Structures are given as C-alpha cells and as structure tokens.
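Have a look at the structure below before the remarks.
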Amino acid sequence: MTPARSDDELLARFRNEDRSALARLLSLAENGRAADLLDRIDGLTGRAHVIGVTGSAGVGKSTLVDRLAAALRKRNRTVGVVCVDPSSPFTGGAVLGDRVRMSGLSVDPGIFIRSMSSRGAPGGLARTTGDLIRVLDAFGKGVVIVETVGVGQGEVEIAGMADTVVVLEVPGLGDFIQAIKAGILEIGDLFVVNKADRPGADEVRGHIEGMLEMSNDRSGWRPRVLTTVASQGQGIAELVDAIESHHEHLCRSGSLETRRRDRREAELRRIVQTEFLARLDGELARGGEFAGVVARVREGRLSPHRGAELLLGARRPGPDTAGSRAPT
Amino acid sequence: MISAQKIRVLIAKPGLDGHDRGAKVVARAMRDAGMEVIYTGIRQTPKQIVEATLQEDADCLAISILSGAHGTLIPDILRQLREAKLDDVLVLAGGIIPAEDVSALKAEGVREVFGPGTDTRHVAEFIRENVRKA
Ligand SMILES: Nc1nc2c(ncn2[C@@H]2O[C@H](COP(=O)(O)OP(=O)(O)O)[C@@H](O)[C@H]2O)c(=O)[nH]1
Ligand SMILES: [Mg+2]
C-alpha cells in the first residue's frame, strides 16, 4: 500500500470516530510524522475548549484531572486528556504514571486519555503536545485537558496552548517565592488550593489572593482562587463552574479568538524553527554551501551573526568578512 | 520534520492482589532500556486494560499477575484485544504462573511468559526484537 492510500484509510476511520485511528494519529503526530495528516484535519480544529492543569509534582494534578473529566462528562461534554510526564535524561525512556489516578474513566467511550513523555523538552510539555491537542480537537472532543510535567519550575509553556490555565498549589509546600519567579502567577486564570483537608489551606488561599491583587488583570478577567479536596471530589463542581465562566468570559470579550490566532501563529513559528534546523542538519550532512558557512564560523573566519544571515538567505555568500578574527 | 520513535509498553496489573512491586521494577527497567512505559496501577479489569492499550497505542502489553487468576483473566484480555482489532500488540505475561499453564497461555496468544527472577535485560531484548515494526 502506498503511504497516501494508507493515510486516506486512516483519515476515513478517524472521521468516522474510530478510536484506534485516533490513537494511531496521535502516535504519528507525537513522532513528528503527521505533517500531511495534520494539514488535512486543520479545518476541523479550533473548536475544543483547551484546559491546562499545572503545578508541582504531587500536588494532585492527575487526581484533579480525573475528577474534572468525570464532572465534565456529567455535563455532557466529551473529553480528551493529554498527560505529560518527564523523560529520563539518561536513557530517554520514561515511566508515564498519570493513568493510575484515572482508571475509573478509561471505560467511558466519551473520554480518551493519552500519556506522553516530555522527551527532554523544557517548559512542562513535549514538543508535539500542541499537535496532540489539535488531533483530539479535530476528532470532536469538546474539552481537551492537558496535565503538565510538574517538575515545578518554569512550566509556563502551557499558557501558550490552553484557553484556560488552572494552577494547583497545596498547603505546606512553601514555594511561593519560587512560583513568582517562575511566572506561574501570571499564567493562571484559576488557582486551586488542593489538599484542603490538610492544615493551612486558607492561609495559602489568602496568600495567593494577596499576590493577585498586586498583579494586573489579563483581558479583564480577574483570576479566582478555589479550594478542593480532589481525592474526595470536594470543590470540583465549583471548579467546573469557574472554568465555564472563564470560557464564557473569553468568548464574550473576544479574547478566545485572539488566543487561538496567537496559538496558530506560535505554531507556525515553532514549525518553521524546527523544520529549518532539521533542513540545516540535512544540508550539513550532505556538505555543500551550508557546510562551508558553518566551517567558516567554526574556524573564526566568519561571525556567527553573519553566518546566520547567510544561511537564512539574507545575504549572498561573499568573501570572508573583514572584521572577523583570525583563528586562534 | 524530526522523527523519533519510542517503543511504548503498557504494564497492566489485573486481578485483586495489591502488590505491584514486581510490575514497578519491570517498569523502571524498561524505562532504563529507553522505552516509554505506561503504568496503569493495580486491580485493573480486562476491559480497562484493553481500553488503555488502545488509547495509548501501545506496542507491547505486559501483564503482571500474582493472583493465580491468569487462567481466566488473561484469555479474557486476549479476546477483548482481538475484538478491538489490537491483534498486532505484543502480549507478554509475568509473575507467578505455573509451568503447566504456560503453553495454554501461549496457545491463546501470549508470546512469552517471564517468571520471577527473569533478568529484565532479557525482557527488554525480547520486546525490542518482537514488537511490530511501524
Ligand atoms: N490528602 C489529600 N491527598 C490528595 C488530594 N488530591 C490528591 N491527593 C494525593 O496526592 C498524591 C499525588 O497525586 P497526583 O494526582 O498523582 O499528583 P500529581 O503528581 O500532581 O499528578 C496521591 O497520593 C493522591 O491520592 C487531596 O485533595 N487531599
Ligand atoms: Mg500526575
């Protein structure tokens, strides 16, 4: 079978809501082998409400996602879940364990859960998480929930992927100063103090509210702080209400559309960047003009800036720049 | 586009026993062999296991079992895998399975059975050599 034929067949099954076709398309997208297929389903995307759930390891993200998905199902939404876990820096392998907290969901055909490894990417998501969100969106999931890695620092990439960002905190961690540094306060649309069955939840809540007062509203939305006991399902209905009112706010104010356009542009930039570097690597492997430029930069006969200009086609290759240093 | 493919192994623990130390050891060993391991937790029903295998597009399903219920649970999982057209998934079993039951399980579709004390490097090698090639 030619690749195009099998693509057609896969896509037909995907459009027919075949879940194994969805699973296969997610794998192809994860492995960066679905450019044509993603192009062909692009017109089906842009409809799902994308919810990001972030916070340090162990704060209860997976437990909360499990309850959240179940509550959304009760409100007749179909749900896709993408859980990202860290990869091992030594072997590139990973143990993806978020499903352990979601086993009650897995037999509901209205829910589709997919685990993914960060594959070494920083920022709390994998490089292709955005593509997986788009595939679930195109499949027709009304809501797509994304759980970030949860190593605790600098996981702000979710803000560029989600319509609504939920940031989890718990009593007793005392990492507030770190949270400010990592920019977590700026990305949260909703803050959840989970494990409110433990002492100190009100204090944490007050602390976050205090800090939010000092920061600016984003697009007229005032971030809210809620408390939950995810393991017992407490506070989940209120959280779903808050998520829905944030979504309504985004629709009403027009910022939903702005966020989506920003996201598409960011995606374009990401693809150009990866594709260009991949092409550069390919060219280098074959030798030729590109390799010549890189060699001259390596040897100090050309500045990195001028070299980059040459590779990007801004200038025609010329003699070595006068100002560049001789090799040392 | 950069393409990177990893072997995805789903480790499932059907049955009522709550001991998953062995399953966790295997999970870490397969991670250390460079694979992506989806761990689903204890006390999974065959339906949950098959659904998770489908959603995760796993290349290999490793069933860990201690409860002695392999005689009914594993055939049930295999039947549901066939119904879901997941016949190309490599199915392995590990744990305490009496020697006389091994050939019956293999006849049902389990490709290999690994007893306690198997060198995990051997398991990783078996998976690498026997998973479907994309
Ligand atoms: N006491 C308490 N424990 C919780 C609560 N929510 C989650 N947990 C527990 O916290 C641990 C980590 O939860 P998990 O969802 O895996 O956290 P994640 O790493 O952020 O995804 C698990 O043992 C949960 O059962 C809660 O509201 N209260
Ligand atoms: Mg988790």
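Sequences listed follow chains A and B, in order.
Quick note on this note's numbering: the first sequence kicks off at 809 and runs consecutively.
Quick note on this note's numbering: the second sequence kicks off at 2 and runs consecutively.
All C-beta atoms in this analysis are idealised placements derived from N, C-alpha and C, irrespective of residue type, glycine included.
All values reported here derive from a predicted model rather than from experimental measurement.
Partners in chain A for B/A29, counting only beta-carbon separations shorter than 7 Å: Stepping through the second sequence from its first residue, residue 29 of chain B is reached at position 28. Contrary to the premise, residue 29 of chain B reads as Arg rather than Ala in this sequence. When 7 Å is used as the limit between beta carbons, B/R29 is near these residues of chain A: V903, in chain order.
Let me know the beta strand (DSSP E) ranges lying completely inside the stretch 77 to 113 of chain B, each 3 residues or longer, listed in chain order. Listed in chain order, the complete beta strand (DSSP E) runs (minimum 3 residues) inside the stretch 77 to 113 of chain B are 91 to 96.
Nearest to B/R29 by alpha carbon, out of A/S895, A/A879 and A/E838? As a position in the second sequence, residue 29 of chain B is number 28, starting the count at 1. Closest option to B/R29, Cα to Cα, is A/S895.
For my contact list, B/G116 and B/V92 are in at a C-beta cut-off of 8 Å; report their separation, rounded to the angstrom. Here residue 116 of chain B refers to the residue found at position 115 when the second sequence is read from its first residue. Here residue 92 of chain B refers to the residue found at position 91 when the second sequence is read from its first residue. The beta carbons of B/G116 and B/V92 sit about 16 Å from each other, so the pair does not count as a contact at 8 Å.
On the DSSP letters alone, give me the boundaries of the alpha helix (DSSP H) that A/A1137 sits inside. Absent from the structure is residue 1137 of chain A, since the part of chain A shown begins at 809 and ends at 1136.
Compute the Euclidean distance between the alpha carbons of B/I3 and B/T46, then round it to the nearest angstrom. Here the question's residue 3 of chain B lines up with position 2 in the second sequence. Here the question's residue 46 of chain B lines up with position 45 in the second sequence. Any answer about B/I3 is weak, because its pLDDT of 40 lies below 50 and its placement is not dependable; what the coordinates show is given next. Approximately 37 Å between the Cα atoms of the pair.
Would you be able to state if there are at least three C-beta pairs under 8 Å between the stretch 835 to 850 of chain A and the stretch 939 to 950 of chain A? Contact annotation: the stretch 939 to 950 of chain A touches the stretch 835 to 850 of chain A, with at least three C-beta pairs closer than 8 Å.
C-beta contact flag for A/E1107 and A/F1098 at 7 Å: The residue you call residue 1107 of chain A lines up with position 299 of the first sequence. The residue you call residue 1098 of chain A lines up with position 290 of the first sequence. The answer is no: Cβ separation not under 7 Å.
Counting only C-beta atoms, is A/S1061 closer than 7 Å to chain B at any point? Taking the first sequence and counting its residues from 1, one reaches residue 1061 of chain A at position 253. Closer than 7 Å to the CB of A/S1061 there is not a single CB belonging to chain B.
Below 6 Å CB to CB, which residues in the same chain sit around B/T41 once its five sequence neighbours on both sides are set aside? Working through the second sequence from its first residue, we reach residue 41 of chain B at position 40. Cβ within range, chain order: A13 and A53.
Could you name the residues whose beta carbon sits closer than 5 Å to any heavy atom belonging to ligand 2, keeping them in chain order? In chain order, the hits are A/K869, A/S870 and A/D906.
Which runs of the beta strand (DSSP E) at least 3 residues long sit entirely within the stretch 1077 to 1123 of chain A? Give them in chain order. As far as the stretch 1077 to 1123 of chain A is concerned, it has no whole beta strand (DSSP E) run of at least 3 residues.
From the DSSP output, read off the bridge partner residues of B/C61. For this step, residue 61 of chain B is matched to residue 60 along the second sequence. Beta-bridge pairing links B/C61 to B/V10 and B/L91.
Would you decide whether B/K86 is buried or exposed? Buried here means 16 or more other CB atoms lie within 10 Å of its CB. Locating residue 86 of chain B in the second sequence gives position 85, where the first residue counts as 1. By the C-beta density criterion, B/K86 is exposed, having fewer than 16 other C-beta atoms within 10 angstroms.
Can you round the beta-carbon distance between A/A1004 and A/T972 to whole angstroms, since I take them to be within the 8 Å contact cut? Taking the first residue of the first sequence as 1, we reach residue 1004 of chain A at position 196. Taking the first residue of the first sequence as 1, we reach residue 972 of chain A at position 164. The beta-carbon distance between A/A1004 and A/T972, rounded to whole angstroms, is 21 Å. This is too long to meet the 8 Å contact definition.
Name, going along the chain, the residues of the stretch 104 to 119 of chain B whose beta-carbon falls closer than 9 Å to a beta-carbon of chain A. Within the stretch 104 to 119 of chain B, not one residue has a Cβ closer than 9 Å to any Cβ of chain A.
Verify the CB distance criterion: does A/G900 have a CB-CB separation below 7 Å to chain B? For the purposes of this step, residue 900 of chain A is taken as residue 92 along the first sequence, with counting starting at 1. So yes, A/G900 belongs to the interface.
Going by Cα to Cα distance, which pick from A/S1111, A/V889, A/R927 and A/A877 is closest to A/N839? In the first sequence, the residue the question calls residue 839 of chain A occupies position 31. Looking at the Cα atoms, A/R927 is the closest of the given residues.
Using the three-state DSSP reduction, which class does B/D18 fall into: helix, strand or coil? Taking the second sequence and counting its residues from 1, one reaches residue 18 of chain B at position 17. B/D18: coil per DSSP, three-state reduction.
Using a Cβ-based criterion (distance less than 6 Å to any ligand heavy atom), does A/G938 qualify as near ligand 1? As a first step, residue 938 of chain A is located in the first sequence; it is residue number 130 there, counting from the start. Remark: the C-beta of A/G938 is outside contact range of ligand 1, defined as less than 6 Å to any heavy atom.
What first and last residue would you give for the beta strand (DSSP E) that runs through B/G42? Locating residue 42 of chain B in the second sequence gives position 41, counting from the first residue. Segment: none, B/G42 is in no beta strand (DSSP E) and carries neither H nor E.
A/A1050 beta carbon less than 7 Å from that of A/L1110: Within the first sequence, the letter at position 302 stands for residue 1110 of chain A. Within the first sequence, the letter at position 242 stands for residue 1050 of chain A. The Cβ-Cβ distance between A/L1110 and A/A1050 does not fall below 7 Å.
Shorter than 7 Å from the beta carbon of A/V943 to some beta carbon of chain B? For the purposes of this step, residue 943 of chain A is taken as the residue at position 135 of the first sequence. No, A/V943 does not count as interfacial toward chain B.
C-beta atoms of A/G863 and A/V952 nearer than 7 Å: Along the first sequence, one-based indexing puts residue 863 of chain A at 55. Along the first sequence, one-based indexing puts residue 952 of chain A at 144. With a cutoff of 7 Å on beta-carbon distance, A/G863 and A/V952 are scored as not near each other.
Does A/S828 have its Cβ less than 7 Å from a Cβ in chain B? What you label residue 828 of chain A is simply residue 20 of the first sequence in a count that begins at 1. Closer than 7 Å to some Cβ of chain B, the Cβ of A/S828 qualifies, so yes.
Going by beta carbon distance, what residues of the same chain come within less than 7 Å of B/P76, once the five residues before and after it are set aside? On the second sequence, residue 76 of chain B is found 75 positions in, with the first residue counted as 1. Here the set comprises E109.
Measuring only the C-alpha atoms, how far is A/G1043 from B/D18? As a first step, residue 1043 of chain A must be located in the first sequence, where it is residue number 235. As a first step, residue 18 of chain B must be located in the second sequence, where it is residue number 17. Spanning the alpha carbons of A/G1043 and B/D18 requires a straight line of approximately 32 Å.
Residues, ordered as in the chain, of the stretch 818 to 848 of chain A that lie near chain B by beta-carbon distance below 7 Å: From the stretch 818 to 848 of chain A, only R827, S828, A831, R832, L834, S835, N839, G840, R841 and A843 have a Cβ closer than 7 Å to chain B.
Starting from the N-terminal side, write out each stretch of the alpha helix (DSSP H) that is 4 residues or longer and does not extend beyond the stretch 965 to 1035 of chain A. Qualifying alpha helix (DSSP H) stretches, in chain order: 984 to 989, 992 to 995 and 1009 to 1022.
Just the chain A side, please: which residues come within less than 8 Å of B/A34 by C-beta, in chain order? Translated into positions along the second sequence, residue 34 of chain B becomes position 33. Simply T899 and G901.
Check the Cβ-Cβ distances between B/R80 and every residue of chain A, and say whether any is below 7 Å. Here residue 80 of chain B refers to the residue found at position 79 of the second sequence. Chain A, which has no Cβ nearer than 7 Å to the Cβ of B/R80, makes this no.
Buried or exposed by the 16-neighbour rule on C-beta atoms within 10 Å, applied to B/M136: The requested residue 136 of chain B does not occur in the structure, where chain B is confined to residues 2 to 135.
Where B/E52 falls: helix, strand or coil (DSSP): To locate residue 52 of chain B, count along the second sequence from 1; it is residue 51. Residue state, collapsed to three classes: helix.
Taking 6 Å as the cut-off, is the C-beta of A/R909 nearer than that to any heavy atom in ligand 1? Looking up residue 909 of chain A in the first sequence gives position 101. Correct: A/R909 has its Cβ closer than 6 Å to ligand 1.
Count the other CB atoms within 10 Å of the CB of A/I921; is the residue buried (16 or more) or exposed (fewer)? Here the question's residue 921 of chain A lines up with position 113 in the first sequence. Its Cβ being crowded by 16 or more others within 10 Å, A/I921 is buried.
What are the boundary residues of the alpha helix (DSSP H) that includes A/E955? Looking up residue 955 of chain A in the first sequence gives position 147. Taken as a continuous stretch (DSSP letters only), A/E955 belongs to no alpha helix (DSSP H), being part of the beta strand (DSSP E) at V951 to E955.
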